[in-house]
Amino acid sequence: MSAFIAAIRRQPAPLLAGLAILTPFLVMCVFPGLLAPYEPLKIEALPLLGPSREHLLGTDEIGRDLLSRCIYAARTDIFVSLAAAAVAFVIGTAIGLFSGYIGGRVDTVTMRLIDVLLSFPTIVLALFLITIFGREQWVQILAIGLVMMPSTARFSRGEGLVLRGRGYVEASRISGGSRWHILVKHVLPNSLATLLVAASVLASSAVLISASLSYLGLGAQPPEPSWGNMLRAAYGVVYDAPLYGVGAGVCISLVAGAYILIGEGLRRKFRNDRNVGTLSSSIGGL
Amino acid sequence: MTTVHEQPGTNGSTSTGHRGALEIDALSVAYAVGGRRLRALDAVSLRMAAGHRMAIVGESGSGKSTLGLALMGLLPRNSASTATGVRIDGAPVDMTSAKQLRAMRGRTMAMVFQDAKASLDPVRTIGSQIAEVLRVHRIVPKNAISAEVERLLTAVEIKRPTMVAEQYPHELSGGMRQRAMIATALAGRPAVLIADEPTSALDVTTQATVIDLLHRLSDDGEMSTILITHDLALVAGFADSVTVMYAGEIVEVGNVDQVYSWPAHPYTRALLASIPSIVDSRADVLGSIPGSLPDLTQPLVGCVFEPRCPVGNGRAECCTITPRPQATDAGGLVSCHFPGELPGEARADDTAVPVALTRTTGRPPVLEMRATVKTFHRRGFGAARQAPVVAVGGVDLLIGEGESVGIVGESGSGKTTLARVLIGLEKADSGTVAVSLDGSLMPVERLPRDFAQFVFQDPGDSLNPLMSVGEIISEPLMLRDGGRAGRYRDRVGTLLDDVGLRASMADRRPFELSGGQRQRVAIARALSTQPKLIIADEAVASLDMSARGQILNLLARLQAEHGFAYLYISHDLSMVRHVCDRVVVMYGGRVVETADADTLFAEPQHPYTQALISAVPIPDPTVERSRQRMLLRADAVDAHASTVGCAFRFRCPLARERCEVERPTIDAAASHGAACHFTDEAVELYRIDRRRPASTPSNGAS
Chain A
1 MSAFIAAIRR QPAPLLAGLA ILTPFLVMCV FPGLLAPYEP LKIEALPLLG PSREHLLGTD
61 EIGRDLLSRC IYAARTDIFV SLAAAAVAFV IGTAIGLFSG YIGGRVDTVT MRLIDVLLSF
121 PTIVLALFLI TIFGREQWVQ ILAIGLVMMP STARFSRGEG LVLRGRGYVE ASRISGGSRW
181 HILVKHVLPN SLATLLVAAS VLASSAVLIS ASLSYLGLGA QPPEPSWGNM LRAAYGVVYD
241 APLYGVGAGV CISLVAGAYI LIGEGLRRKF RNDRNVGTLS SSIGGL
Chain B
1001 MTTVHEQPGT NGSTSTGHRG ALEIDALSVA YAVGGRRLRA LDAVSLRMAA GHRMAIVGES
1061 GSGKSTLGLA LMGLLPRNSA STATGVRIDG APVDMTSAKQ LRAMRGRTMA MVFQDAKASL
1121 DPVRTIGSQI AEVLRVHRIV PKNAISAEVE RLLTAVEIKR PTMVAEQYPH ELSGGMRQRA
1181 MIATALAGRP AVLIADEPTS ALDVTTQATV IDLLHRLSDD GEMSTILITH DLALVAGFAD
1241 SVTVMYAGEI VEVGNVDQVY SWPAHPYTRA LLASIPSIVD SRADVLGSIP GSLPDLTQPL
1301 VGCVFEPRCP VGNGRAECCT ITPRPQATDA GGLVSCHFPG ELPGEARADD TAVPVALTRT
1361 TGRPPVLEMR ATVKTFHRRG FGAARQAPVV AVGGVDLLIG EGESVGIVGE SGSGKTTLAR
1421 VLIGLEKADS GTVAVSLDGS LMPVERLPRD FAQFVFQDPG DSLNPLMSVG EIISEPLMLR
1481 DGGRAGRYRD RVGTLLDDVG LRASMADRRP FELSGGQRQR VAIARALSTQ PKLIIADEAV
1541 ASLDMSARGQ ILNLLARLQA EHGFAYLYIS HDLSMVRHVC DRVVVMYGGR VVETADADTL
1601 FAEPQHPYTQ ALISAVPIPD PTVERSRQRM LLRADAVDAH ASTVGCAFRF RCPLARERCE
1661 VERPTIDAAA SHGAACHFTD EAVELYRIDR RRPASTPSNG AS
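Top line first, the protein sequences correspond to chains A and B.
All residue numbers for the first sequence refer to our numbering, where the first residue is 1 and numbers rise by one.
All residue numbers for the second sequence refer to our numbering, where the first residue is 1001 and numbers rise by one.
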């Protein structure tokens, strides 16, 4: 037990802080009923009440408890953001590492296509995709993932380019290693540390994009709660209930911030460990 | 401050007396690393006379660079230093006062670093960087600054000082940049100039001229110079005295002749025995030092060198009592209980076996390369488009079975590109590469990939840090024969044993190994598929001296056992001399001379080969002092750009009209051939040069 505490204390402060913020939200995702004092969809009191002992964040325009709605919204928001970040990460990394490692014309063509995608404003492209393919959750995830993919591809391409010149990659080529073998065995594992740090930024922007889409009415559909559509509702009644949107806003900021903190913590951790080992030992000690 | 303010343009000759006497008493430096305290310098004391040239030698981790940085007050933040006293020209230096150190940096003492590219600001001109020192220390009045910049650039033998002052660091060649860096250091007219590996990043020909320059700069006694280096051969011709460091301690100090002729400390002796010399024969076995540096975070008991010492070898005094510096017969100091004593029975070295000298003619070829051309097209459009670089321009190369061939040349000579074409990492534009498995030649494309293997320069880069040693070594086998890593467990064990590592190492990861051990792992990987040819591209260049000897001996032993051929790519002629049967000299992407090693080093025919050989330092002060150097002009002419005539003509002492129009050819089949129109004259030139007595010490004989 004391060894466990010692191991925790060795971790970089931002990593611990980020995890400390994120953990309650993860609990909300899995067991919302445990934490929420009321049902999220049930009318419990008068509409637009301010914060009180019974309703810590007040009630919404039809009298549902805002705290409970915030807690139940975590599931949608965090799931959508993580899934979208994963989509962007997997596709972007695959394209980027491949393109960077292969180089030459393949790389040039791929990167020009990525440039085209990058030139669309993020939200506009997501809006466009959701408008065409519908408002289901999986469409949202794919849309957010796709709009974030190009920047990931750009970034991981750089890693691929760097690792292409590494001695162990060339040694593998000399021994007859195929592109696939080299990408899977050498390039991907050695770029993972850097890419994971980048992925945390991805998750953070996914939270913001998904909240923005909800705010515009393209995310989770009422009565299903999400932080974005709660903010939208708060906007309409801002003169009657000025504190309505505070809960959802704080949740969005905390989660987005927590991802960034975790990323920064990982970056420091990998940098420190680079003197002794690399990713595998770092993850082993995580 | 003892410096005298001088008028500009007087070239420093009017100042009073000699400067640069340095006294250090009990200087200790410790680094905080991962919560532990690492002793980088342990109560080091040193005396240096004014106008003296001192060399500090030692392997990495010996503390030599820390000593230089500590004197400059440039130690990193995680360090703590203490000293009883440091005096320069009698004036005490407060090592704890950042203010005083800042005032002294550049003024009383200055430093030249290894990598001038990193040490010069890339966005400012050379002139403005020198002027900055002049302004900060108010060396000359404002209106005299540009004249002083020019004077300094002239002092470091830069041809067109006005032009160079306006240029940016990237516009200069490596040697020129290092000169500019030296000019910056000289700007404050320091009493002590510290040069930390100033030539390690330079070609051998440039290295000779820079060392020559450093030597000359301290001729008038106005400044003393400390040369920090790992290269003992370089020191021989430069220094008046030598300080040998090991694990944060000075183990021996002495006059250069004394240290080289009668080394008193076993470590000094072992170091001197481990460096190949250009005058050695191939039959000599290189010495090596088993083991590695002690853990400097642990408290020290007894002599710091005892665990690796063939003289100490477990003797009671050595294990329990830390030796104090004592005077040697020749007037030096040595920290050893048994100075000058030769080892009784040498500690076992697993790698040293004498090399069997073999004749190379008449062997069946394993590789034949004909008229190979490789061109690189630089990127850019329109005006930015640059001419393609011919890295390899029509090279013939023949390697016989079990033969060791060396390719030498300066950087940019195309030797590495040639190796990469051979191994298939680059595709040749034209020409044929044919190889043989059983006596009959066939094109390289039709052969299995395991015909040849490659040993890279830096094992830190060529071993995947996330894989275990076992996985690394078995990768070529898995790629060829399939299966999982576990299947090759026994084979990996045998291979590790072959390269002198324990089989249990298979579970380690590269970062747990020392540099020498990593290179052994890289060699084991190259051996795994039993290739016919192993290409070693600067395979020992990144290693410490003691490890170099071990690896070279290991490679020689493996060849004797397995009978494969070696292709050594190297800029280090001494090493090539030591390990190769035949040597190929490249310049500007072409072979300029080829001969068997003994002939080439005894009777070089091409002026370029002669200049290369003459630039190589020999680890013997007496020889170095009487040597006449053939210094090449380092003018920035792109040898690859010349499409007609001899590529070497811009730097050649024999160049004339014919060289401009007619490209000399080389007879690939001849046992000794040189691509020069005037080989007869060249040979004469070389003879005269070598015989001429070194009557002018200020000119050449460094």
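For each residue, glycine too, the CB sits at the ideal point set by N, CA and C.
**Q.** Length of the line joining the Cα atoms of B:Ile-1226 and B:Glu-1157
**A.** Each residue's Cα considered, the two are about 20 Å apart.
(Q) Please state the DSSP three-state secondary structure of B:Arg-1037. (A) Looking at B:Arg-1037 - three-state DSSP - the assignment turns out to be strand.
Q) Nearest chain A C-beta to B:Ser-1079 closer than 8 Å, yes or no? A) no
Q) Using a C-beta to C-beta distance shorter than 8 Å, which residues of chain A count as neighbours of B:Gln-1453? A) What B:Gln-1453 touches in chain A: Ile-174 and Ser-175.
(Q) Counting only Cβ-Cβ distances shorter than 8 Å, please list the residues of the region 3 to 22 of chain A near chain B, keeping chain order. (A) none
**Q.** Selection of the region 1408 to 1434 of chain B by Cβ proximity to chain A, strictly under 9 Å
**A.** Those would be Arg-1420, Ile-1423, Gly-1424 and Leu-1425, in chain order.
Q | Any alpha helix (DSSP H) of 4 or more consecutive residues that is wholly inside the region 1297 to 1335 of chain B | A | 1316 to 1320
Q) In whole angstroms, what is the alpha-carbon distance linking B:Thr-1206 and B:Ser-1542? A) 19 Å
**Q.** Short CB-CB distance (under 8 Å) between B:Arg-1480 and chain A
**A.** When Cβ-Cβ separations below 8 Å define contact, B:Arg-1480 makes contact with chain A.
Q: Tell me whether the beta-carbon of B:Arg-1308 lies closer than 8 Å to the beta-carbon of B:Pro-1290.
A: yes
Q: For the beta strand (DSSP E) holding B:Tyr-1246, just list the boundary residues, first then last.
A: Per DSSP, B:Tyr-1246 belongs to the beta strand (DSSP E) from 1241 to 1246.
Q) Would A:Arg-164 count as contacting chain B if we go by Cβ distances under 8 Å? A) With 8 Å as the cut-off, A:Arg-164 does not count as an interface residue toward chain B.
Q) If you measure beta-carbon to beta-carbon, which residues of the region 1451 to 1476 of chain B are closer than 7 Å to chain A? A) Residues are counted here when their Cβ sits less than 7 Å from a Cβ of chain A; for the region 1451 to 1476 of chain B these are Gln-1453, Phe-1454, Phe-1456, Asp-1458, Asp-1461, Ser-1462, Leu-1463, Asn-1464, Pro-1465, Leu-1466, Glu-1475 and Pro-1476, given in chain order.
(Q) Which residue wins for smallest C-alpha separation from B:Ala-1327, given the options B:Pro-1365, B:Val-1366 and B:Asn-1255? (A) Ranking the options by Cα distance to B:Ala-1327, first place goes to B:Asn-1255.
Q | In DSSP terms, what A:Pro-287 is bridged to | A | One cannot answer for residue 287 of chain A here, as it falls past the ends of chain A, which runs 1 to 286.
Q: Determine, using beta carbons only, whether B:Arg-1138 comes closer than 8 Å to chain A.
A: Not an interface residue.
Q. If we ignore side chains and look at the alpha-carbon of each, how far apart do B:Val-1390 and B:Val-1253 end up?
A. The alpha-carbon of B:Val-1390 is positioned some 49 Å away from that of B:Val-1253.
Q: Take B:Ala-1233 and list the residues in its own chain whose beta-carbon comes closer than 8 Å to its own, dropping the five residues that flank it on each side.
A: Ile-1275, Ser-1277, Ser-1574, Val-1616, Pro-1617, Ile-1618 and Pro-1619
Q) What did DSSP end up calling B:Ser-1514 once you bin it into helix, strand or coil? A) coil
Q) Do the CB positions of B:Gly-1409 and B:Met-1223 come within less than 8 Å of each other? A) Here B:Gly-1409 is not near B:Met-1223, since their CB atoms are 8 Å or more apart.
Q. Across which residues does DSSP place B:Asn-1553 in a beta bridge pair?
A. DSSP lists no partner for B:Asn-1553.
**Q.** Through-space distance from B:Ile-1613 to A:Ser-175, alpha-carbon basis
**A.** 36 Å
Q: Identify the contact partners of B:Arg-1525 in chain A, using a Cβ-Cβ distance below 9 Å as the criterion.
A: Ala-171 and Ser-175
Q: Give a yes or no on whether the C-beta atoms belonging to B:Val-1029 and B:Ala-1070 are separated by under 8 Å.
A: yes
Q) Do B:Glu-1197 and B:Gln-1114 have their C-beta atoms within less than 8 Å of each other? A) yes
(Q) Suppose contacts are defined by Cβ-Cβ distances below 8 Å. Is A:Ser-226 in contact with A:Gly-219 by that definition? (A) yes
Q | Span separating the alpha-carbon of B:Leu-1214 from that of A:Ile-5 | A | 57 Å
Q.
Against chain B, with Cβ distances strictly below 8 Å, would A:Gly-160 count as a contact?
A. Contact of A:Gly-160 with chain B is not assigned, every C-beta pair being separated by 8 Å or more.
Q. Using a Cβ-Cβ distance under 8 Å, would B:Ile-1551 count as near chain A?
A. no
**Q.** Other residues of its chain near B:Pro-1531: CB distance less than 8 Å, five sequence neighbours each side excluded
**A.** Asp-1450, Phe-1451, Ala-1452, Gln-1453 and Phe-1564
Q | Where B:Met-1181 sits in the DSSP three-state scheme | A | helix
Q) Can you tell which of A:Arg-135, A:Asp-65 and A:Ile-78 has its C-alpha closest to the C-alpha of A:Leu-216? A) A:Arg-135
Q.
So, for B:Val-1334: in the same chain, excluding its five sequence neighbours on each side, which residues have a beta-carbon less than 6 Å away from its beta-carbon?
A. Glu-1252, Ala-1264, His-1265 and Thr-1328
Q: Answer yes or no: do B:Ala-1130 and B:Ala-1183 have a C-beta to C-beta separation smaller than 8 Å?
A: For clarity, residue 1130 of chain B is Ile in the given sequence; the question names Ala instead. In contact: B:Ile-1130 and B:Ala-1183 (Cβ atoms closer than 8 Å).
Q | Residue span of the beta strand (DSSP E) that contains B:Leu-1193, given as start and end | A | Its beta strand (DSSP E) spans residues 1192 to 1196.
Q. With C-beta atoms as the reference, is B:Gly-1589 less than 8 Å away from B:Phe-1648?
A. no
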